[in-house]
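Engineer: Protein sequence lines, in the order shown, are assigned to chains A and B.
Residue numbers for the first sequence follow my numbering, so the first one is 581 and each next one is one higher.
Residue numbers for the second sequence follow my numbering, so the first one is 140 and each next one is one higher.
Each residue gets a CB set at the ideal place from its N, CA and C atoms; glycine is no exception.
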Amino acid sequence: DQQVKQNSPSLSVQEGRISILNCDYTNSMFDYFLWYKKYPAEGPTFLISISSIKDKNEDGRFTVFLNKSAKHLSLHIVPSQPGDSAVYFCAASEDSGYALNFGKGTSLLVTP
Amino acid sequence: DAGVTQSPTHLIKTRGQQVTLRCSPKSGHDTVSWYQQALGQGPQFIFQYYEEEERQRGNFPDRFSGHQFPNYSSELNVNALLLGDSALYLCASSLPTGTYEQYFGPGTRLTVT
Numbered sequence: 581d582q583q584v585k586q587n588s589p590s591l592s593v594q595e596g597r598i599s600i601l602n603c604d605y606t607n608s609m610f611d612y613f614l615w616y617k618k619y620p621a622e623g624p625t626f627l628i629s630i631s632s633i634k635d636k637n638e639d640g641r642f643t644v645f646l647n648k649s650a651k652h653l654s655l656h657i658v659p660s661q662p663g664d665s666a667v668y669f670c671a672a673s674e675d676s677g678y679a680l681n682f683g684k685g686t687s688l689l690v691t692p
Numbered sequence: 140d141a142g143v144t145q146s147p148t149h150l151i152k153t154r155g156q157q158v159t160l161r162c163s164p165k166s167g168h169d170t171v172s173w174y175q176q177a178l179g180q181g182p183q184f185i186f187q188y189y190e191e192e193e194r195q196r197g198n199f200p201d202r203f204s205g206h207q208f209p210n211y212s213s214e215l216n217v218n219a220l221l222l223g224d225s226a227l228y229l230c231a232s233s234l235p236t237g238t239y240e241q242y243f244g245p246g247t248r249l250t251v252t
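1) Since B:G142 and B:Y242 should fall inside the 8 Å C-beta cutoff, what is the C-beta to C-beta distance between them, to a whole number of angstroms?
2) Output yes if chain B places a C-beta closer than 8 Å to the C-beta of A:L689; else output no.
3) Count the C-beta pairs between the segment 678–692 of chain A and the segment 592–606 of chain A that are closer than 8 Å, then say yes if the count reaches three, no if not.
4) Report the residue from A:T691, A:S665, A:F642 and A:K651 whose alpha carbon sits nearest the alpha carbon of A:Y619.
5) If you measure between the beta carbons of B:L249 and B:L150, is that distance less than 8 Å?
6) I need the boundaries of the beta strand (DSSP E) containing A:I628, first residue and last residue.
7) Between the alpha carbons of A:Y668 and B:Q180, how many angstroms are there, rounded?
8) Return the CA-CA distance between B:V217 and B:P200, expressed in angstroms with no decimal places.
9) Could you tell me which of B:E191, B:L215, B:P245 and B:F203 sits nearest to B:P209, measuring between CA atoms?
10) I'd like the span of the beta strand (DSSP E) that includes A:K618, first residue to last.
11) Compare the beta carbon distance of A:L591 and A:A671 with 8 Å and say whether it is the shorter of the two.
12) What separation, rounded to the nearest whole angstrom, lies between the Cα atoms of B:H168 and A:L627?
13) Counting only beta-carbon atoms, is B:Y239 nearer than 8 Å to chain A?
14) Taking the alpha-carbon positions, what's the A:A650 to B:T153 distance?
15) For the beta strand (DSSP E) containing B:R196, list its first residue and its last residue.
16) Counting pairs of beta carbons, one from the segment 640–655 of chain A and one from the segment 581–597 of chain A, are three or more of them closer than 8 Å?
17) Assuming the contact rule is C-beta atoms closer than 8 Å, B:Q187 and B:T159 should be a hit. Round their C-beta distance to whole Å, please.
18) Would you report the Cα separation of B:N198 and A:N681, rounded to the nearest angstrom?
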């Protein structure tokens, strides 16, 4: 049973515009959320995370928003760059150091 | 600072055979997790090793087993391979507590024919 859902398989955005990637979860025990980025032939690379006690975390061009009541989080990339083109995975965990539960990923294409 | 390394990169096996995949964690990490990523899916947690013991296990059959060595490196073994075991197998390393981030290797692509 998929506890983390990314309902958009793909997203295309123009360079310089905002990219918004969405993620929903069903398990209320999740207390930490992460975004990973994956290029072909490479492993996922950690991008940004957020604890359930916060509603926003920002790191340069990347911002993650968490809405606990809606069990929804989103990743904003501003401005989007062609090098951001990759598959983005949302992940969640119940406890530090333990298993990550991943969504199916969203393939982002940033066009010049 | 060496990241997570995995070997081999690619592997082709026949149904019914057994396979062993290897992983060396990032320097300073002592916890190793294994994930299976099927085509078009996100990584699925198989199990995690800490202090040479299996600490947590996902919903995978007993055909999937593992081991962690004193130097923190790890092996994933899969017996009686099925066609459905064809996937990218990812190893991730982390600290055992206090942090949630896991650092992934490039993966081993297993094809079962």
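Structural biologist: Short version:
1) Here residue 142 of chain B corresponds to residue number 3 of the second sequence, with the count starting at 1. Here residue 242 of chain B corresponds to residue number 103 of the second sequence, with the count starting at 1. Indeed, because the Cβ distance is near 7 Å, the residues count as touching under 8 Å.
2) What you label residue 689 of chain A is simply residue 109 of the first sequence in a count that begins at 1. Not one chain B Cβ lies under 8 Å of A:L689.
3) yes
4) Here residue 619 of chain A corresponds to residue number 39 of the first sequence, with the count starting at 1. With distances taken between Cα atoms, A:Y619 lies closest to A:S665.
5) Here the question's residue 249 of chain B lines up with position 110 in the second sequence. Here the question's residue 150 of chain B lines up with position 11 in the second sequence. Yes, these two residues count as a Cβ contact at 8 Å.
6) Within the first sequence, the letter at position 48 stands for residue 628 of chain A. Note, A:I628: beta strand (DSSP E), T625 to S631.
7) By 1-based counting over the first sequence, the position of residue 668 of chain A is 88. By 1-based counting over the second sequence, the position of residue 180 of chain B is 41. Rounded to whole angstroms, A:Y668 to B:Q180 spans 12 Å at the Cα level.
8) The residue given as residue 217 of chain B occupies position 78 in the second sequence. The residue given as residue 200 of chain B occupies position 61 in the second sequence. If you take the alpha carbons of B:V217 and B:P200, they lie about 10 Å apart.
9) Numbered from 1 along the second sequence, position 70 holds the residue referred to as residue 209 of chain B. The candidate whose alpha carbon is nearest that of B:P209 is B:E191.
10) Along the first sequence, one-based indexing puts residue 618 of chain A at 38. Start and end: Y612 to K618.
11) The residue given as residue 591 of chain A occupies position 11 in the first sequence. The residue given as residue 671 of chain A occupies position 91 in the first sequence. Contact: no.
12) Counting from 1 along the second sequence, the entry for residue 168 of chain B is found at position 29. Counting from 1 along the first sequence, the entry for residue 627 of chain A is found at position 47. Whole-angstrom Cα-Cα distance: 19 Å.
13) The residue you call residue 239 of chain B lines up with position 100 of the second sequence. B:Y239 counts as touching chain A.
14) Taking the first residue of the first sequence as 1, we reach residue 650 of chain A at position 70. Taking the first residue of the second sequence as 1, we reach residue 153 of chain B at position 14. Approximately 46 Å between the Cα atoms of the pair.
15) Taking the second sequence and counting its residues from 1, the one referred to as residue 196 of chain B is at position 57. Segment E192 to R196, the beta strand (DSSP E) holding B:R196.
16) no
17) Within the second sequence, the letter at position 48 stands for residue 187 of chain B. Within the second sequence, the letter at position 20 stands for residue 159 of chain B. At roughly 18 Å, the Cβ-Cβ gap does not stay under 8 Å, so B:Q187 and B:T159 are not in contact.
18) Counting from one through the second sequence, the residue named residue 198 of chain B turns up at place 59. Counting from one through the first sequence, the residue named residue 681 of chain A turns up at place 101. Approximately 12 Å, taken between the alpha carbons.
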